[in-house]
C-alpha cells in the first residue's frame with residue numbers, strides 16, 4: 031500500500047510552498063522564552079492557529095477547509111526546546127548539528143568573511159528560541175495575524191519576548207520581524223523571481239505521500255535505472271517515516287510522537303550583492319561567446335526569463351527554439367518542459383556546466399558520469415542529498431548598481447538530517463566540487479568566493495570540437511549570509527505535547 | 014602478488030610491541046604517544062621518505078568482540094536449535110578473542126621497490142619531536158619485539174619484512190607514477206590552469222610567446238623543480 | 289590523532305572471519321583483481337586513492353622471537369585500509385548507495401556483518417570495528433584522487449603539445465592550443481585546502497600546527 035500521510039498533523043509549510051497558493055507576503059518572527067511554563071502556555075495558544083498541511087478547497091466547496099487569508103507555523107531551536115523544558119532524554123536524541131546551531135557550524139558551511147556570524151543581523155546575537163512564520167494573501171492579513179501574536183506575547187506576561195534586531199529597508203537595524211515578499215513586475219503583477227532576476231522555485235523534490243505525485247514526479251523524484259522517476263522516500267523529509275536507507279531517520283528524538291511528522295529547517299537570510307552581480311555579468315559577457323542572458327543561464331542552469339533548463343536550451347539559438355515549443359505547449363506540457371530532464375544527454379557539461387547551480391544542488395543521475403550501471407541506481411549519490419526549499423525574496427533593490435541595502439532571499443531548507451542533506455550540499459557541492467571532478471571550483475552564484483583568492487569555473491565546450499572551454503574567473507562573493515539558525519518543526523501533535531508539558535520519553 | 018598494483022605497492026606491517034612497562038608506562042602506550050605526537054603534513058617524517066603516497070601509523074591494542082546483532086551465515090541452524098536449548102543459543106554467540114601482544118601497525122602506499130623504499134625509510138625518516146629532540150625511525154620502533162637487534166638499513170629491511178603481511182587485494186584508485194612525477198603533475202595542473210585562465214581570449218602570437226615563457230618557467234619535464242614539496246598543505 | 293590528512297580520510301577496519309571461510313574471501317578478491325568490472329562502481333565513485341584488504345590467518349600474526357607469546361585465536365582477521373576523499377560520516381551514504389552489493393561481497397563472510405542496507409547497522413558495524421589512526425600522512429593534502437589523475441593527464445598532454453606545437457606559426461599554434469584546452473577541460477579544477485569536513489578534526493589540526501583558534 032502506498033504511504034498515506036496524516037496531513038492534519040503535519041505543519042503546512044512542510045508540504046506546501048505557500049508562494050504557489052498566492053501567499054505573496056510573509057513575516058518571520060523570532061522569540062525568546064524566559065519562563066518555561068508561560069512559554070508553554072504561549073505555544074499552546076499559537077498552536078490553535080497553526081496551519082496544517084490539509085489541502086484547501088475551492089470557495090464554496092464544503093469538504094475541505096477554505097484557503098485562509100494568513101497561515102502560521104512554528105519551529106524551535108535546540109535552546110528553545112530546552113527553554114520549554116522538554117526532558118533531557120528527549121534533548122539527547124537530537125543530532126549534533128541541530129544542537130550546535132547554524133552560527134557554530136560556520137566552518138562547515140563556509141560562512142566566512144562577509145558571511146561570518148559577526149556580520150549578521152543583530153537579532154542573531156540574541157537567544158533565538160522560537161520561529162513563527164506568517165504567510166499572507168495580503169500585507170493586511172499578515173499584519174492582522176501579527177497583531178494577534180503580539181497579543182499572545184503580551185498575555186504571556188513576560189514569559190515570551192519578541193526579539194528585535196532585523197535590518198530593514200530604511201537602514202533600520204532593530205526591527206522586530208523579518209518581512210519577505212514576492213517580487214512584482216512593472217505592471218504590479220507578482221513574478222516568481224529573485225533579485226538577480228532568476229526564476230525561482232521550480233522543481234522541489236517530490237516524495238511519497240504527497241498528493242498528485244504521478245503528475246509531478248518527473249525530474250523531481252529519484253531517477254530509476256529504466257529512466258522512470260519515482261517519488262523519494264518520505265523519511266528524507268519527515269521524521270518517523272522510512273527513508274531512502276530503508277530505515278527511520280536516526281536524527282529523531284524520543285518519544286516517537288515528538289519526532290513523528292516533524293522535520294528540521296535551515297533558515298538563512300541571504301543578502302544578494304545585486305550591484306556586483308550586474309557588473310560581473312556585464313563584464314564577463316563582454317568576453318563570452320553568446321548573449322549576456324545565455325551566460326546568466328550558464329551560472330544557474332536555467333534561463334532567467336522563464337526558467338528554461340539550459341540542458342534543453344544550451345545557447346541563444348536553442349533557447350529561441352525552446353521558447354517556441356514552450357509557447358505551443360499546454361499547461362501540463364509546460365510544467366514537464368521545466369522539470370523533466372536529466373544530464374545524461376549532456377554528461378560532459380557542454381550544455382549545462384557542472385558548476386551550474388541547478389546541476390550542483392541536484393545532479394540527478396549525472397554522477398555516474400555516463401558509465402553504464404556503475405552504481406546500484408543512477409541517483410545513488412543524489413537521493414540522500416535532497417532538500418525541500420521554501421522561502422521568499424526580501425527587501426527592494428533601489429539601485430541595481432549597488433550592493434548595500436537590504437535585499438536578498440529568505441532561504442529555508444527542510445530535511446530530515448541537516449548534516450547529511452543541507453550541509454552536505456552546501457559544503458561538498460556548492461563550495462567544493464570533488465564529486466563533480468572540478469576540485470575546489472565553487473558554484474558561481476552561492477559559492478563563498480574569497481576576495482583574496484578568487485575562484486573560477488569552467489564552462490565546458492563540446493568535447494572534440496576543438497573549441498576551448500570558457501573560463502569565468504575572478505568570481506566575487508555574490509551572496510552573503512546575514513543570519514539564520516537550525517530549527518525543529520514539530521508535528522501539530524508534538525506541538526501540543528510540548529505546549530502541554532507532557533513530553534515523556536520513558 | 015596482490016601487494017603490488019603496477020608500480021604502486023601496498024606495505025602492511027604489524028610489528029609486535031614488547032609486553033612491559035618503562036617508568037610506569039607500557040611500551041605500547043609509549044609507542045602510541047610517539048606516533049600521536051608526530052608533526053603533520055610537510056613536517057611529518059614521512060614527507061622525507063621518498064615515494065610515500067599516503068601512510069599511517071596506529072597501535073592495534075586488541076581485536077574487537079562482535080557484540081552486534083547479525084545474520085551472517087547462509088543458514089543459521091542455531092536459530093532453530095536455540096529455541097530448544099539455551100546452551101545452543103550461547104554456543105552460537107561469537108567467540109571471544111584477545112591478542113597477547115599489541116602491534117604497531119604501519120601501512121604505506123608507495124611507488125617502487127620494497128627494499129629501496131625501506132632503505133629510504135631508514136636513511137631519511139627524521140623529525141623534530143614536540144619537545145625539540147631530533148628523532149629517526151628507531152624512535153618509533155624502539156620497543157617492538159627484537160627491534161634492538163636492528164643496527165643498519167639491511168637489518169631494518171629484514172626486520173620489516175618479517176612483520177609484513179600480504180594484501181589479498183590492493184585497489185589503486187589513483188596512479189602508479191613516482192611521487193615526484195605525481196607532485197610535478199599537480200604543480201603543472203595548478204600552474205597551467207592559471208595560465209589558461211589568464212590568457213583566455215588573447216591573440217595567437219601573444220599566447221604563443223607567453224606559453225614559451227611558461228614552459229621555460231614551469232619546466233614540465235624537470236621533476237625536481239619547480240614542483241610541490243611532499244605534504245604541501247597550503248597554496 | 290586524526291583520521292584526516294588534508295582531503296584524505298584514513299580508515300582502518302579489523303573484522304573477524306571464520307578461518308575456514310577465508311578461502312572464499314581470497315577467491316572473491318582474486319576474481320575482483322582479474323575482472324575489473326567488479327570494481328566499476330568503486331572506480332566511477334573515484335573517491336579512493338589507494339585501498340587494501342589483508343587477511344591474517346589466525347596463526348599468521350607476526351611472531352619475531354620466542355619471548356613473544358604465541359597468539360591463540362578462534363578467528364582469522366580481515367584488515368581493510370582505505371584512503372578516501374571526504375569523511376566517513378559524510379560519505380558512508382555515497383559508498384553504501386553506490387555499491388551496496390560490492391560491500392556485501394567483500395564483508396559477507398565476516399562475523400556478524402549486517403549487510404550494507406539498511407545503513408545504520410552497516411555504519412555501526414564499521415564504526416565498531418574501526419581503529420583510529422595515530423599519525424596519518426598524505427603527500428598531497430590539497431589533492432583528491434581525481435586531482436592526481438587529472439594532473440597526470442595534464443602533464444602528459446602539456447609535454448606532447450609543447451613538443452608538437454610550440455613552434456608552429458601562431459595561428460596553427462592557437463588552433464592546437466585550443467584543442468589542448470578542449471581535451472583537458474575537465475581537468476582544470478582548482479586545488480586549495482579541503483573544506484572543513486569535521487570541526488573536531490580541524491581543531492586538532494590547528495593545535496598541531498599551532499594556529500591560534
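Chains as they are written, first to last, in the working numbering: chain A, 31 to 536; chain B, 14 to 248; chain C, 289 to 501.
For each residue, glycine too, the CB sits at the ideal point set by N, CA and C.
Determine the direct distance from the alpha carbon of residue j to that of residue i, and round the result to whole angstroms.
i	j	result
residue 339 (chain C)	residue 133 (chain B)	22 Å
residue 388 (chain C)	residue 303 (chain C)	18 Å
residue 134 (chain A)	residue 514 (chain A)	11 Å
residue 204 (chain B)	residue 180 (chain B)	37 Å
residue 115 (chain A)	residue 534 (chain A)	11 Å
residue 475 (chain A)	residue 507 (chain A)	8 Å
residue 497 (chain C)	residue 129 (chain A)	29 Å
residue 363 (chain A)	residue 200 (chain B)	50 Å
residue 185 (chain B)	residue 256 (chain A)	31 Å
residue 46 (chain A)	residue 325 (chain A)	32 Å
residue 193 (chain B)	residue 239 (chain B)	11 Å
residue 401 (chain A)	residue 328 (chain C)	9 Å
Check for me: the alpha helix (DSSP H) holding residue i runs from which residue to which?
i	result
residue 510 (chain A)	Unbroken run through residue 510 (chain A) is the beta strand (DSSP E), 509-519; no alpha helix (DSSP H).
residue 256 (chain B)	Any property of residue 256 (chain B) remains undetermined from this structure, which presents chain B solely from 14 to 248.
residue 113 (chain A)	108-113
residue 366 (chain A)	361-369
residue 182 (chain A)	169-185
residue 465 (chain C)	458-471
Taking 7 Å as the CB-CB cut-off, is residue i touching chain C?
i	result
residue 491 (chain A)	yes
residue 70 (chain B)	yes
residue 405 (chain A)	yes
residue 158 (chain B)	yes
residue 30 (chain B)	no
residue 44 (chain B)	no
residue 414 (chain A)	yes
residue 107 (chain B)	yes
Please classify residue i: is it buried, with 16 or more other beta-carbons within 10 angstroms of its beta-carbon, or exposed?
i	result
residue 365 (chain C)	buried
residue 323 (chain C)	exposed
residue 286 (chain A)	exposed
residue 295 (chain C)	buried
residue 311 (chain C)	exposed
residue 52 (chain A)	exposed
residue 111 (chain B)	exposed
residue 66 (chain B)	buried
residue 499 (chain C)	exposed
Quick one: is residue i near chain B, going by C-beta distance under 7 Å?
i	result
residue 318 (chain A)	no
residue 486 (chain A)	yes
residue 503 (chain A)	yes
Does any CB atom of chain A fall closer than 7 Å to the CB of residue i?
i	result
residue 133 (chain B)	no
residue 386 (chain C)	yes
residue 392 (chain C)	no
residue 332 (chain C)	yes
Tell me the residue span of the beta strand (DSSP E) that contains residue i.
i	result
residue 302 (chain A)	293-302
residue 411 (chain C)	Looking at the DSSP string, residue 411 (chain C) is not in any beta strand (DSSP E); the run it does join, the alpha helix (DSSP H), is 407-416.
residue 161 (chain A)	160-166
residue 25 (chain B)	21-30
Problem set entry | At least 3 beta-carbon pairs within less than 8 Å: the segment 428-440 of chain C vs the segment 326-342 of chain C | They touch, by the three-pair rule.
Problem set entry | At least three beta-carbon pairs within less than 8 Å, the segment 187-198 of chain A to the segment 82-102 of chain A | Short answer: they don't touch.
For this session: Tell me, please, whether the segment 62-73 of chain A touches the segment 305-314 of chain A by the rule of three or more beta-carbon pairs shorter than 8 Å.
Result: Contact annotation: the segment 62-73 of chain A does not touch the segment 305-314 of chain A, with fewer than three C-beta pairs closer than 8 Å.
Problem set entry | Any 3 or more C-beta pairs closer than 8 Å across the segment 408-416 of chain A and the segment 446-462 of chain A | Taking 8 Å as the limit for Cβ pairs, the verdict is that the segment 446-462 of chain A does touch the segment 408-416 of chain A.
Exercise. How about the segment 101-110 of chain A and the segment 21-32 of chain B: do they share at least three Cβ pairs that are nearer than 8 Å?
Worked result: Touching, no.
Exercise. How do the segment 300-315 of chain C and the segment 446-462 of chain C stand: do at least 3 beta-carbon pairs fall below 8 Å, yes or no?
Worked result: Proximity of the segment 300-315 of chain C to the segment 446-462 of chain C falls short of the contact definition, fewer than three beta-carbon pairs being nearer than 8 Å.
Problem set entry | the segment 271-288 of chain A touching the segment 485-502 of chain A, judged by at least three CB pairs closer than 8 Å | Here the segment 271-288 of chain A does not lie against the segment 485-502 of chain A, with fewer than 3 beta-carbon pairs under 8 Å apart.
Exercise. Is it a yes or a no for the segment 167-184 of chain A touching the segment 143-154 of chain A, going by three-plus beta-carbon pairs under 8 Å?
Worked result: The segment 167-184 of chain A, when compared against the segment 143-154 of chain A, does not touch it at the 8 Å Cβ threshold.
Exercise. Between the segment 219-236 of chain A and the segment 333-346 of chain A, do at least 3 Cβ pairs fall closer than 8 Å?
Worked result: As far as the Cβ criterion goes, the segment 219-236 of chain A touches the segment 333-346 of chain A, which means the pair count is three or higher.
Problem set entry | Three CB pairs or more closer than 8 Å across the segment 98-105 of chain A and the segment 151-165 of chain A | The segment 98-105 of chain A and the segment 151-165 of chain A touch, with no fewer than 3 CB-CB distances between them shorter than 8 Å.
For this session: Assess, as a yes-or-no matter, whether the segment 393-404 of chain C is touched by the segment 63-82 of chain B under the definition of 3 or more beta carbon pairs within less than 8 Å.
Result: Between the segment 63-82 of chain B and the segment 393-404 of chain C there are three or more inter-stretch CB-CB distances shorter than 8 Å, so the stretches are counted as touching.
For this session: Check whether the segment 430-441 of chain A touches the segment 355-375 of chain A, taking contact to mean three or more Cβ pairs, one atom from each stretch, closer than 8 Å.
Result: No, the segment 430-441 of chain A does not touch the segment 355-375 of chain A.
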